[in-house]
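Read through the structure below, which is laid out as structure tokens, and then see the notes.
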Amino acid sequence: DTEVTQTPKHLVMGMTNKKSLKCEQHMGHRAMYWYKQKAKKPPELMFVYSYEKLSINESVPSRFSPECPNSSLLNLHLHALQPEDSALYLCASSQGGTGGNQPQHFGDGTRLSIL
Amino acid sequence: AQSVTQPDIHITVSEGASLELRCNYSYGATPYLFWYVQSPGQGLQLLLKYFSGDTLVQGIKGFEAEFKRSQSSFNLRKPSVHWSDAAEYFCAVGEGSGGGADGLTFGKGTHLIIQP
């Protein structure tokens, strides 16, 4: 069982829809991450929150909008997505504010399909 | 910039045989190295990690990895594979500069196939 919970597991949306992906962890971690993973590819970092502040934004298009309401929750708001945004979106968390030397714990992801 | 190379895209091993998955990294300072496994439709599960100290690290599910600074390698090994080990394996490096959370840089992955 994963300690990082992502909802929904699957999401199908049109290009004009607005939806949100949710992630929750109860391990007391203070850093949370969003990754995008295309089929047969490694995960690619999108955003990093450290102590609820956005610390890394890897030049992700503005149609993706992250939000960290508190240290346990991480959302990814989606608007006007393109078909190429179809992917597995993974959430992860790690202890403290230094992610480099802390293992990241991943959720099972949300499989997103854009029609 | 840090990078990770996994030279083998696919590896096929017979059940019960030994396994070695290769990983090479490029990083100026002491790297923080990880191996993750991903089953189809699942997230990534941490197998083991190396930060410092003993260069042979033990992980879950009978896996181990050896850090060799001279070869910039962190190869994953298992003495006897089981059919349930079939999955995608990712080597990753974390930046060790401190001062804020950092993401991981992943290799392209190695797809492990187990033959009966």
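Residue numbers (this note's numbering), protein chains in the order written: chain V, 18 to 132; chain P, 12 to 127. Beta carbons are placed, not taken as given, at the ideal position from N, Cα and C, and that holds for glycine.
At a cut-off of 8 Å, the C-beta of V:Phe123 has a neighbouring C-beta in chain P. With the criterion set as a beta carbon lying under 7 Å from some beta carbon of chain V, the members of the region 39-66 of chain P are Tyr43, Phe45, Gln53, Gly54, Leu55, Leu57, Lys60, Phe62, in sequence order. With contacts defined as CB atoms closer than 8 Å, V:Gln121 and V:Ala109 qualify as a contacting pair. The DSSP-derived three-state label of V:Arg128 is strand. Distance from the CA of V:Leu107 to the CA of P:Ser81, rounded to the nearest whole angstrom, comes to 34 Å. In the structure shown, the three-state DSSP call for V:Lys36 is strand.
Annotation: the continuous beta strand (DSSP E) that includes P:Ile124 extends over 121-126. Taken in chain order, the unbroken stretches of beta strand (DSSP E) that lie wholly in the region 50-108 of chain P and span 3 residues or more are 55-61, 67-69, 75-79, 84-89, 98-105. P:Ile71 counts as exposed, since fewer than 16 other C-beta atoms from the protein chains shown sit within 10 angstroms of its C-beta. The shortest CA-to-CA distance from V:Ser37 to any of V:Ala97, V:Ser111, V:Val65 is the one to V:Ala97. Contact note: P:Lys89 does not reach chain V at a C-beta cutoff of 9 Å; the least C-beta distance is about 19 Å. Assignment of beta-bridge partners to V:Pro83 by DSSP yields V:Leu93. Approximately 17 Å separates the beta-carbon atoms of P:Ser29 and P:Ala98; this is outside 8 Å, ruling out the contact.
The Cβ neighbour count for P:Pro42, taken over all protein chains shown within 10 Å, is at least 16; the residue is labelled buried. Taking the beta carbon of P:Lys119 as reference, the chain V residues within 7 Å of it are Pro59, listed in sequence order. Interface annotation, P:Leu115: in contact with chain V, CB-CB separation under 8 Å.
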